[in-house]
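Respectively, the protein sequence lines represent chains A and B. Take 1 as the starting number for the first sequence in our numbering and just add one per residue. Take 1001 as the starting number for the second sequence in our numbering and just add one per residue. Idealized CB from N, CA, C, for every residue including glycine.
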Amino acid sequence: DQQVKQNSPSLSVQEGRISILNCDYTNSMFDYFLWYKKYPAEGPTFLISISSIKDKNEDGRFTVFLNKSAKHLSLHIVPSQPGDSAVYFCAASVTSGTYKYIFGTGTRLKVLA
Amino acid sequence: DTEVTQTPKHLVMGMTNKKSLKCEQHMGHRAMYWYKQKAKKPPELMFVYSYEKLSINESVPSRFSPECPNSSLLNLHLHALQPEDSALYLCASSQTNGVYGYTFGSGTRLTVV
């Protein structure tokens, strides 16, 4: 049972436009969420996080939105740049004890110059 | 030093071999993790060490044996692996319980022949 899902395996966006990556989860106990970016032959790198007490968190060009009632979060990248081309994973955890993050299947973003 | 270093980057081993994967961090993180990632799949948690003690084992077969000799080092000993164990093995570390996410290494690409 995939508790964290990214239903779009790939996404292509023109440079300068907005990229929106989506993530859905099924476990209502999840209360902390992360986005990671992964380039080929490298480990995932942390991008941005959001706690369930918030519905938005912004860091430069990256904004994460959380809709708890819909069990849905999204990552907005504005403006998109060719260097943003990578695989993006969302991850979710329950904040008690040791945090065990469950990762989504990933979305491959391609930003076209 | 803000990196997690994994060695080797690539490993090919036979099903009767014994090998070890190594992971090192000098960020003072007290939690360390092993994840396994197959192609086009999300990273899957294998083991978590917290303060050098094994705190989570996600029902991993005994042919994988983790070891945490000190707070900076994490090993994964491999013995009698199967071809289906071929994957990217990612090490990560975090402050205490990982609420702010992990820092990942670039992984060891393992091929079992």
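Query	Result
In angstroms, rounded to a whole number, what distance separates the CA positions of Val-87 (chain A) and Ile-1056 (chain B)?	27 Å
How would you list, in chain order, the residues of chain A whose beta-carbon sits under 7 Å from the beta-carbon of Tyr-1100 (chain B)?	Ser-49
To test your reading of the DSSP string, which unbroken beta strand (DSSP E) runs of 3 or more residues are found completely within the stretch 1031-1085 of chain B?	1031-1037, 1044-1050, 1053-1057, 1064-1070 and 1073-1079
Kindly list, in the order they appear in chain A, the residues whose Cβ is closer than 9 Å to that of Pro-1042 (chain B).	Gln-2, Val-4, Gln-6, Phe-89, Ala-91, Ile-102, Phe-103, Gly-104, Thr-105 and Gly-106
Indicate whether Met-1046 (chain B) and Lys-1038 (chain B) have their beta-carbon atoms separated by less than 8 Å.	no
Just list the residues that DSSP pairs Gln-14 (chain A) with in beta bridges.	A:Leu-112
Determine the chain A residues that contact Phe-1064 (chain B) at a beta-carbon separation under 8 Å, and present them in chain order.	Those within 8 Å of Phe-1064 (chain B) in chain A number zero; the least Cβ separation is about 17 Å.
Using a Cβ distance threshold of 8 Å, determine whether the stretch 71-87 of chain A contacts the stretch 1004-1017 of chain B, with at least three qualifying pairs required.	no
How long is the line joining the alpha carbons of Ser-1071 (chain B) and Val-1004 (chain B), rounded to whole angstroms?	13 Å
What is the rounded straight-line gap between the Cα of Val-1099 (chain B) and the Cα of Ser-52 (chain A)?	12 Å
Any idea what DSSP makes of Asp-31 (chain A), helix, strand or coil?	coil
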